[in-house]
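Numbering (our numbering), first residue to last: 59 to 187.
Below you'll find the structure, written out as C-alpha cells, and then a few comments.
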C-alpha cells in the first residue's frame, strides 16, 4: 500500500521553516524526520499557508479545521483524514502513519579487554587511551 502524507504548515518564510537567523529546533527536527521518511520510500507533500494558500482551500478537511483558526496548524493528513493536529509528530508517529518500521540503534557491546574493559586490571593489547 502506497501512502502519501500531506503536511499543512502555518505561514512560514520558506517551505520548511528552517531558514532565517533563528531556526526553531522543532522545525529542524521535523524536517530531518520528513527527509528520513522520504528515504524510506514514503511520499510526503508539504504546503505552506503563506506560499500555497490554494492547497488549504481545496482540501476539505483542512478547510473545515481552519474554521477554528490557524492555531490548528500544522495539520498532518494521511489520505483525506487528519491524523495529527496542532503539532509536528515524532519520527515514530510519522513512521506509524506510513506503516514504516523504525529500527532502533543498537548500543555498542562493552569492551572485554583494554583500558575500557570492565576489569580495570585487564591489559590492553593496543592502547585506546
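All C-beta atoms in this analysis are idealised placements derived from N, C-alpha and C, irrespective of residue type, glycine included.
Looking at the backbone, the Cα of residue 101 and that of residue 108 are separated by about 22 Å.
With a beta-carbon spacing of about 6 Å, residue 121 and residue 115 fall inside the 8 Å limit used to define contacts. If you draw a 10 Å sphere on the C-beta of residue 159, you find fewer than 16 other C-beta atoms in it, and that means exposed. Here residue 83 is exposed, its C-beta having fewer than 16 other C-beta atoms within 10 Å.
Note that the C-beta distance between residue 65 and residue 132 is below 8 Å. At the C-beta level, residue 152 and residue 67 stay beyond 8 Å of one another.
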